[in-house]
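Protein chains in written order, with the numbering used here: chain A, 4 to 190; chain B, 138 to 205.
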């Protein structure tokens, strides 16, 4: 019995499948725990499937599922009775990472620094700086104004620079590797 | 006077001398992408594909049972 002629659901399914790696990365960035992250992804896939009819084909499926995952994450946090962090309060007490030498940081240092950011700033800088969303898309995903995303990204960035002891080096050309090479040959 | 006018003009239009603060010339930007790309390139457990297959099967029209 081959009635495997998959209906209209199949392209939606393959699009969802294709979004899983980024969904997991976003979930990990939010939950910072692999098991929780995968549970989030699973929940998200089920919800996305059930809401399939509300997805408009041709629009950004990745942004759509990111929105679902993000909502799921915050609703789970609220259920667990954990206050959603607001940006201001916890800043000072979280500044526990020691800056690395020489401004060339290890990925582990970076990960640790990222974890110290409040969720709203962390998700903003991830969406903009890593997931490849525009400010407008990130604003829709997070349900806030574009300006809010911009200010969160900028605060997240300065905080990371501060913790990691790097300066805003966007102004000059060479990347850190060639800077190191140039430095050592000059020494 | 002159600087006043310039300041006023500058207040309106944001100075954007850094093209992309999280771009490839920013160490934070590069680490961020490295961090994220590592996560994206992790192997996806089979459970997700299995889940989607189950969801898909559930939604498929049932095969005709009343044997035509």
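Just so you know, even glycine gets a beta-carbon here, dropped at the ideal spot from N, CA and C.
Taking each of A/36, A/69, A/82, A/62 in turn and checking the Cα distance to residue 50 of chain A, the smallest one comes out for A/69. Counting only the Cα atoms, residue 34 of chain A lies some 8 Å from residue 76 of chain A. Contact between the segment 136 to 147 of chain A and the segment 189 to 196 of chain B is not established, with fewer than three Cβ pairs separated by less than 8 Å.
At least 8 Å separates the beta-carbon of residue 64 of chain A from that of residue 29 of chain A. Contact between residue 160 of chain A and residue 158 of chain B holds: CB atoms are separated by about 6 Å, below the 8 Å threshold. For residue 137 of chain A, the three-state secondary structure derived from DSSP is coil.
Of all alpha-carbon atoms in A/56, A/55, A/23, A/54, the one lying nearest the alpha-carbon of residue 40 of chain A is that of A/23. At least 8 Å separates the beta-carbon of residue 127 of chain A from that of residue 167 of chain A.
A direct Cα-to-Cα measurement between residue 118 of chain A and residue 54 of chain A gives close to 32 Å. Contact note: residue 19 of chain A reaches chain B through 189, using a C-beta cutoff of 8 Å and chain order. Per DSSP, reduced to three states, the secondary structure at residue 24 of chain A is helical.
Residue 164 of chain A reaches chain B at 165, counting residues in chain order whose Cβ is nearer than 7 Å. Taking a C-beta distance under 8 Å as the contact criterion, residue 124 of chain A and residue 83 of chain A do not qualify as a contact pair. Looking from the CA of residue 181 of chain B, the closest CA among A/134, A/61, A/66, A/20 belongs to A/20.
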